[in-house]
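Take a look at the structure set out below.
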Amino acid sequence: MDNYNWNCLSLAKITAVTIALLILAACAAVGPNYVRPTAAIEGNYKEIEGWKVAQPQDNTLRGEWWEIFNEPELNAFVSQVSISNQTVAAAEAQFRQAQSLVQQSRANFFPLVTAGVGVTNSSLSTTIARSTNPRFSSMLYSMPVNVSWEIDVWGRIRRLVESSQAGAQASAADLQTAQLSAQASLAQDYFQLRAVDAQRRVLDESVADFQKSLELTNNRYTAGIASRADVLLAETLLKTTQAQAVDVGVQRAQLEHAIAILIGKTPAEVSVPVMPLSTQPPAIPMGLSSELLERRPDIAAAERRVAAANAQIGVAEAAYYPSVSLASTGGFQTGDFSKWISLPSRFWAVGPNITQIVFDGGLRQGQTEEARAFYDQNVALYRETVLTGFQEVEDNIAALRILEAEAQIQDEAVRAAQQTVAVVTNQYKAGITSYLDVITAQTAALNNERTAINIHGSRLNASVLLIKALGGGWNVSKLP
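First residue of the sequence shown: 435, per my numbering; consecutive thereafter.
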């Protein structure tokens with residue numbers, strides 16, 4: 435049989451072996467197939483009883499959740515978070531990095547092709563050259579093309595791609611978590627700043643009232659009706675309140691600076707005008723408790739990490755099986771430069787390669803046990819994330835329900851304190867009570883007004899946190 439027929443027969447055998455390996459590679463990959471871990475889910479939220487929610491109840495949050503507060507300036511600030519916030523930018527870069535890892539994993543499905551050009555000048559030792567060839571040196575010109583391809587017989591590459599894809603999805607959910615966290619922080623800072631503005635307004639109004647009281651007391655002292663102690667008490671209350679009005683400016687400046695950083699700007703670039711605190715806590719759509727698993731990006735990220743860890747078990751178990759690859763090389767090779775690229779100078783070689791680790795001292799077993807332990811760790815973290823998510827929802831539902839009742843009582847206390855100031859002031863003018871009673875009533879009224887503002891701010895803060903705990907309108911269907 436001539437060389438041509440022999441080569442054709444050999445190539446046919448290699449092709450048959452390769453096809454058989456490819457068919458085997460189409461079988462299921464080693465390692466466990468992923469099943470989503472179970473998590474304890476109640477039928478509904480415990481704290482929702484007695485709290486009025488948005489109607490209809492199946493109307494879930496969607497899209498730009500901050501618009502539910504109807505605050506145009508807040509909308510303008512939050513819209514800049516996704517563009518300029520540096521924490522979000524870092525999370526977006528991590529997501530792109532995870533996407534590139536998917537591309538790297540998928541590249542293993544395809545052959546690796548390398549090409550090169552080589553010129554080698556070699557010289558034999560004197561003793562060998564004298565006994566074999568009178569030539570002491572030779573030139574070798576080569577232009578090889580090498581192809582190597584790992585055939586994914588046991589599914590190692592498929593599990594690797596599966597793991598990297600789940601990791602990229604987890605990174606995408608992390609990006610959404612970073613955005614939601616920054617948006618919620620900005621909304622909290624914004625409403626806290628508005629509460630500080632309301633505090634400053636109340637303090638300024640009280641300063642004006644206390645200034646009038648001081649003038650009244652001075653007039654009464656001049657007329658011999660009031661004592662010097664009354665004047666000093668009025669002056670003390672006035673100065674104390676003025677100091678408090680100045681002090682809230684520190685907190686306002688810090689909140690304004692925090693808003694600037696959250697939208698990726700320096701504090702010098704952002705100035706928030708003073709505005710009254712008129713926003714009321716909105717009715718927030720809740721949905722079913724089971725939907726929380728699909729609506730919180732941090733829960734989705736934890737679940738995707740479980741899937742990635744599960745696939746890594748398959749990658750580790752594939753090491754127990756033989757590695758199958760197909761290698762080939764071909765090109766031109768000659769010792770004569772003038773005949774380098776010519777038909778007689780061509781060469782080729784092709785064939786499968788199967789290798790099996792015979793002894794590794796327990797390395798593969800250790801790697802497999804590590805992968806299984808890492809999977810168990812991620813399952814536990816996923817379940818903990820789910821429990822934390824339900825806790826945050828329940829906490830803020832309870833906060834809104836309780837704060838609403840507290841606000842109603844506090845509003846009544848404010849009205850009663852204001853009436854007390856009017857009554858006690860008239861009694862003081864009539865000489866029935868001392869000025870100390872007036873000071874006490876005025877201080878109580880101011881404290882109650884400030885407490886009412888704090889409760890209002892806390893209700894808005896709890897509304898923001900509840901929306902964040904519900905996922906802020908995000909849904910797992912948005913994962914790439």
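For every residue, glycine included, the Cβ atom is placed at its ideal position computed from N, Cα and C.
Asked: Considering Asn909, what are the terminal residues of the beta strand (DSSP E) in which it resides?; Found: Segment: none, Asn909 is in no beta strand (DSSP E) and carries neither H nor E.
Asked: Starting from Gln767, follow its DSSP beta bridges and name the residues at the other end.; Found: Ser576
Asked: For Val641 and Thr675, which I take to be in contact (beta-carbon distance under 8 Å), what is that distance rounded to the nearest angstrom?; Found: 5 Å
Asked: Is Ser556 buried or exposed, if buried means 16 or more other CB atoms sit within 10 Å of its CB?; Found: exposed
Asked: Tell whether a beta-carbon distance below 8 Å holds between Thr700 and Ala694.; Found: yes
Asked: By DSSP's criteria, Pro786 is part of a beta bridge. Which residues make up the other side?; Found: Leu760
Asked: Across the region 734-747 and the region 464-483, are there enough close Cβ pairs to call them in contact, namely three or more that are closer than 8 Å?; Found: yes
Asked: Using a threshold of 7 Å, is the CB atom of His890 nearer than that to any non-hydrogen atom of the ligand SAM?; Found: The ligand SAM is not among the ligands present in this structure, which contains no ligands whatsoever.
Asked: For Leu722, which three-state DSSP category applies?; Found: coil
Asked: For a test of the three-state rule: what should DSSP assign to Gly891, helix, strand or coil?; Found: helix
Asked: Give me the Cα-Cα distance between Asp586 and Gly698, rounded to the nearest whole angstrom.; Found: 46 Å
Asked: Does the beta-carbon of Met720 have 16 or more other beta-carbons within 10 angstroms, so that it is buried, or is it exposed?; Found: buried
Asked: Quick check on DSSP: helix, strand or coil for Asn555?; Found: strand
Asked: Who are the Cβ neighbours of Ala679 in its own chain at under 7 Å, not counting the five residues just before and after it?; Found: Arg634, Leu637, Asp638, Val641
Asked: Judging by CA-CA distance, which residue of Lys673, Arg893, Val704 is the nearest neighbour of Phe503?; Found: Arg893
Asked: Do the region 767-777 and the region 602-622 make contact, defined as three or more Cβ pairs closer than 8 Å?; Found: no
Asked: Quick one: Cα of Thr854 to Cα of Ile843, how far?; Found: 16 Å
Asked: Answer with buried or exposed for Gly906, where buried requires no fewer than 16 other C-beta atoms within 10 angstroms of its C-beta.; Found: buried
Asked: Check the DSSP bridge columns for Leu546 and list the partner residues they point to.; Found: Ser582
Asked: For the alpha helix (DSSP H) containing Asn478, name the first residue and the last one.; Found: Segment: none, Asn478 is in no alpha helix (DSSP H) and carries neither H nor E.
Asked: How far does the alpha helix (DSSP H) with Thr675 in it reach, from first residue to last?; Found: 662-696
Asked: Which residue marks the beginning of the alpha helix (DSSP H) containing Leu777, and which one marks its end?; Found: Leu777 -> no alpha helix (DSSP H), and no H or E assigned at all.
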